[in-house]
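So the structure is just underneath, and the comments pick up after that.
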Amino acid sequence: MGKRDVQEVNAGSMADIAFLLLIFFLVTTTMDTDTGLARRLPPPVEQVDPDTPPVKERNVFSVLLNSKNQLLVEGKPMRVEELKDATKEFILNENNADNLPEFKETEVPLFGFIPVSKGIISLQNDNGTQYQQYLMVQNELQRAYNELRNELSRRKFRKDYEELEDEEKKAIRTIYPQRISEAEPKNIGK
Amino acid sequence: MAKFRKKKGDGQTAINTASLPDIVFMLLFFFMVSTTMKEVTMKVSIQAPEATELAKLEKKSLVTYIYVGVPTRQYQGMFGTEPRVQLNDAFATVEDIQSYIAQERDAMKENDRPKMTTSIKADFDCPMGIITDIKQALRKAQALKINYSARQKSEY
């Protein structure tokens, strides 16, 4: 008894313990990047100016969404899948039709004078509309704009819209401004 | 002349694993630091709606969350089964949003305030009524940058 060698702690299991902890953190870590549809709300208006000239009928693209999740676009029922193309047609107005929006010659940097559509998309939904359906409609409208911007960007800069410089993006945004107006909701047909 | 030493006959030598714990510890610390535990306990059940044209929410510190959904089972007795608003850890009403936003904005750095984004995390089955109320409240609170939280649609 008495004299004994000072024994070292056996560190062989250290790796196992560390592995266990590592696996725990690996499993619990969620590197979630939140995604979603970005939107801008209009600033609150105190009072509508009675002198505001009404927007011309041909410049408005009305999208109604009822409590049964049905779409009514420009007075005609439509499926969500068709909305994107209808929106693009409305904004582009390639044949300068009478019932589609007018253009306004605007000077855009990098592009020069270019006709910019005066079209406004008016979206109205019911209080009973399902959120998913509403988001789907917003999504389709966004998709129409994204595609238009992308097409223009490819034609002009031979690049995707996402890869452009800020200045070029801004120019394209001026040509295809996102004008979505949301009316106060109505409580029809509960 | 050079002599070739004969290889020892006892086959493969074991790789030295003494540094293995160090490597593992390094990984461990990385994950420990990067892990963010969920900050709020969800009291409403939310199944995110689906969409395709998604944008990423970049800076977490600039984002304020508003949760909307049906209360989870243990709260249904108290709060019913209608969709409710959750701010931070507690149930709230739409009227509370304005003060909540003001409070969150005050907590931010001065030059970050204009970049404040509000993310609405709502259940896909919510009726729009409550969402519209929230939007009106946000407009009044001057929190105009919003983001409808959604996940990537799988098939399209």
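Protein chains in written order, with my numbering: chain A, 5 to 194; chain B, 39 to 194. Ideal placement from N, C-alpha and C gives every residue a C-beta, glycine not left out.
Would you say glutamate 120/B lies against chain A (beta-carbon separation less than 9 angstroms)? No, no contact with chain A.
With a threshold of 9 angstroms between beta carbons, is asparagine 97/A in contact with chain B? Chain B places no beta carbon closer than 9 angstroms to that of asparagine 97/A, leaving this residue out of the contacts.
Please state whether the Cβ-Cβ distance between phenylalanine 129/B and lysine 81/B is less than 9 angstroms. Closer than 9 angstroms, so yes.
Compute the distance between the beta-carbons of threonine 102/B and alanine 19/A, then report whether it is under 9 angstroms. Not closer than 9 angstroms, so no.
Thinking just about the alpha-carbon of each residue, which of Ala15/A, Glu171/A and Asp164/A is nearest to the one in leucine 114/A? Taking only the C-alpha atoms, the option nearest leucine 114/A is Glu171/A.
Below 8 angstroms on C-beta distance, what does leucine 26/A contact in chain B? Neighbours of leucine 26/A on chain B, chain order: Val62, Leu65, Leu66 and Phe69.
As a quick exercise: from Asp102/A, Ala15/A and Asn97/A, pick the residue whose alpha carbon is nearest that of glutamine 58/B. The sequence shown places leucine at residue 58/B, not glutamine. Of the candidates Asp102/A, Ala15/A and Asn97/A, the one whose C-alpha sits nearest the C-alpha of leucine 58/B is Ala15/A.
Check whether the Cβ of methionine 166/B lies closer than 9 angstroms to any Cβ atom in chain A. With 9 angstroms as the cut-off, methionine 166/B counts as an interface residue toward chain A.
Endpoints, beta strand (DSSP E) assigned at isoleucine 53/B: It is not in any beta strand (DSSP E) - isoleucine 53/B carries neither H nor E in the DSSP assignment.
On the criterion of 16 or more Cβ atoms from any shown chain inside 10 Å, does arginine 122/B qualify as buried, or is it exposed? A residue is called buried when at least 16 other Cβ atoms come within 10 angstroms of its Cβ; arginine 122/B meets this threshold and is buried.
Return no unless some Cβ of chain B is closer than 9 angstroms to the Cβ of leucine 168/A. Leucine 168/A does not count as touching chain B.
Please decide whether arginine 147/A counts as near chain B, where near means a Cβ-Cβ distance under 9 angstroms. For arginine 147/A, a Cβ of chain B is located within less than 9 angstroms of the residue's own Cβ.
Does the CB of proline 58/A have a neighbour CB from chain B at under 9 angstroms? It does not: the Cβ of proline 58/A has no partner Cβ on chain B nearer than 9 angstroms.
Give a yes or no on whether the C-beta atoms belonging to alanine 20/B and leucine 45/A are separated by under 9 angstroms. Here chain B covers residues 39 to 194 and nothing more, so residue 20/B does not appear.
Give me the Cα-Cα distance between methionine 82/A and glutamine 190/B, rounded to the nearest whole angstrom. Cα to Cα, methionine 82/A sits roughly 24 angstroms from glutamine 190/B.
Test: aspartate 161/B CB closer than 9 angstroms to a CB of chain A: At least one chain A Cβ lies under 9 angstroms of aspartate 161/B.
If you measure from the beta carbon of proline 152/B to each beta carbon in chain A, is any gap under 9 angstroms? So, not an interface residue.
When the Cα atoms are used, what is the spatial distance from arginine 177/B to methionine 70/B? Arginine 177/B and methionine 70/B have their C-alpha atoms some 39 angstroms from each other.
Checking contacts by CB at 9 angstroms: is glycine 193/A closer than that to chain B? Residue confidence for glycine 193/A is low, a pLDDT of 46 falling below 50, so the modelled location carries little weight; the figure read from the coordinates is stated next. Against chain B, the CB of glycine 193/A has no partner CB under 9 angstroms away; the residue lies outside that interface.
Taking three-plus beta-carbon pairs below 8 angstroms as touching, is the stretch 86–100 of chain B in contact with the stretch 147–163 of chain B? Contact holds: three or more Cβ-Cβ distances are below 8 angstroms.
Spatial neighbours of leucine 125/B within its chain, please: CB distance less than 6 angstroms, with the 5 preceding and 5 following residues excluded, ordered by chain position. For leucine 125/B, where only same-chain residues beyond five positions count, the Cβ hits under 6 angstroms are Tyr138.
Using DSSP with H/G/I as helix, E/B as strand and the rest coil, what is valine 141/A? In the structure shown, valine 141/A sits in a helix (DSSP, three-state: H, G or I).
Looking at the unbroken beta strand (DSSP E) that takes in arginine 44/A, where does it start and where does it end? Looking at the DSSP string, the run of the beta strand (DSSP E) that includes arginine 44/A is 39–44.
Flag this pair as touching only if the stretch 85–93 of chain A and the stretch 143–152 of chain A have three or more C-beta atom pairs under 8 angstroms; answer yes or no. Segments in contact, yes.
Report the residue ranges of all beta strand (DSSP E) runs contained in full by the stretch 148–174 of chain B; include only those spanning at least 3 residues, in chain order. The qualifying runs are 155–160.
For chain A, is any of its Cβ atoms less than 9 angstroms away from the one on glutamate 88/B? Interface residue, yes.
Is alanine 15/A close to chain B, meaning its C-beta is less than 9 angstroms from at least one C-beta of that chain? At a cut-off of 9 angstroms between beta carbons, alanine 15/A contacts chain B.
Could one say the Cβ of threonine 32/A lies closer than 9 angstroms to chain B's Cβ atoms, at least one of them? Chain B contact via Cβ: present.
Cross-strand partners of arginine 158/A (DSSP beta bridge): DSSP lists no bridge partner for arginine 158/A.
Along the alpha helix (DSSP H) that carries glycine 115/B, what are the first and last residues, could you check? That run of the alpha helix (DSSP H) goes 111–117.
Between which residues of its own chain and glutamate 186/A is the CB-CB distance below 6 angstroms, once the five residues before and five after are set aside? In chain order, Leu127 place their CB closer than 6 angstroms to the CB of glutamate 186/A, counting only its own chain and leaving out the 5 sequence neighbours on each side.
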